[in-house]
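First residue of the sequence shown? That's -7 in this note's numbering, and the numbers climb one at a time after it.
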Amino acid sequence: MAQNQQQRFQQMADETLRRNHNAEMKRQSEYYYQQRFREMHEQRLREMKEKESVSQVIQVSSPIEIDFTQSIQCIEFEGLSCQEHWGRWSDADILKIKFETSLPKSFTITLFGRSYGPNEHKDFYATVGQETTFFRLPYRKFDKAVLNFNNNTSAEKTISIKIPQPMSPQQWGENSDTRLLGIALVKIVIQERK
């Protein structure tokens, strides 16, 4: 009887140790996955910041040509995705192109690109300071849009383009790409007008 009781106590002790060990392993596993998730989240945030802000310095002189098929090392962008062989996609509701010095008072932007999916036949709004103009681009082929700005009296340094309906290829049913595409840019030329 004493031996049975001793065996039962030993079994209970072993079971308690097993439960404690399993609980500890579970706690360590949860901690590991929480840490791993936090690290992955922080890495994703760093990548997004790098993608949104590629910043270097140039002097704005006319004409300015921004070739999106090349590595761009002279302008700061927000809402622009990574470089591809043909150019770059917008990847936000608003695309911003920021220069270190002021844009001319009067100038023309010639933009070469195309729209993505649901943005075809919709107005893209380009804004410099208080002046806004609109343009449209086709979906299936690259084309150009010419925009005139006449009143940059506040010496603005930023061109903003509002995307009418940003949508991912995943949402559009094309593939698993989750970037919010709107406009594909090949080249922008800015020419001062006297």
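Every residue, glycine too, gets a C-beta built ideally from N, C-alpha and C.
Go ahead and label residue i buried or exposed: buried means 16 or more other beta carbons lie within 10 angstroms of its beta carbon, across all protein chains shown.
i, result
"Gln3", "exposed"
"Arg80", "buried"
"Gly165", "exposed"
"Ala147", "exposed"
"Asp83", "buried"
"Pro130", "exposed"
"Pro55", "exposed"
"Glu7", "exposed"
"Arg132", "exposed"
"Arg0", "exposed"
"Arg11", "exposed"
"Glu68", "buried"
"Asn111", "buried"
Please classify residue i: does DSSP put it in a helix, a strand, or coil?
i, result
"Asn143", "coil"
"Gln183", "strand"
"Gly165", "coil"
"Asp115", "coil"
"Thr125", "strand"
"Thr8", "helix"
On a CA-only basis, which of the options is nearest residue i? Give me that one, please.
i, options, result
"Arg171", "Gln(-3), Asn12, Gly71", "Gly71"
"Phe217", "Gln(-1), Val181, Lys149, Pro110", "Residue numbering for the chain in the displayed model covers -7 to 186; residue 217 lies beyond these limits and cannot be assessed."
"Phe134", "Leu177, Ser73, Ile89", "Leu177"
"Ile175", "Gln62, Gln(-3), Tyr108, Asp6", "Tyr108"
"Ala118", "Pro55, Leu129, Leu139, Gln62", "Leu139"
"His113", "Thr102, Glu68, Phe126", "Phe126"
"Met86", "Arg185, Ala137, Val181, Leu173", "A small correction: the amino acid at residue 86 is Ile; Met does not occupy that position in the sequence shown. Of the candidates Arg185, Ala137, Val181, Leu173, the one whose C-alpha sits nearest the C-alpha of Ile86 is Leu173."
"Ser63", "Ile56, Pro55, Cys74", "Cys74"
"Phe60", "Gln(-3), Arg185, Lys179, Lys186", "Lys179"
"Gln122", "Arg132, Asn142, Ser168", "Asn142"
"Lys186", "Leu103, Asn144, Asn12", "Asn144"
"Phe116", "Ser152, Leu95, Thr93", "Ser152"
"Val120", "Asn111, Thr100, Phe104", "Thr100"
"Arg106", "Glu184, Lys136, His77", "Lys136"
**OP:** Scan the segment 75 to 113 and note each continuous alpha helix (DSSP H) run of 4 residues or more that stays entirely inside, going in chain order.
**Re:** Along the length of the segment 75 to 113, whole alpha helix (DSSP H) runs at least 4 residues long do not occur.
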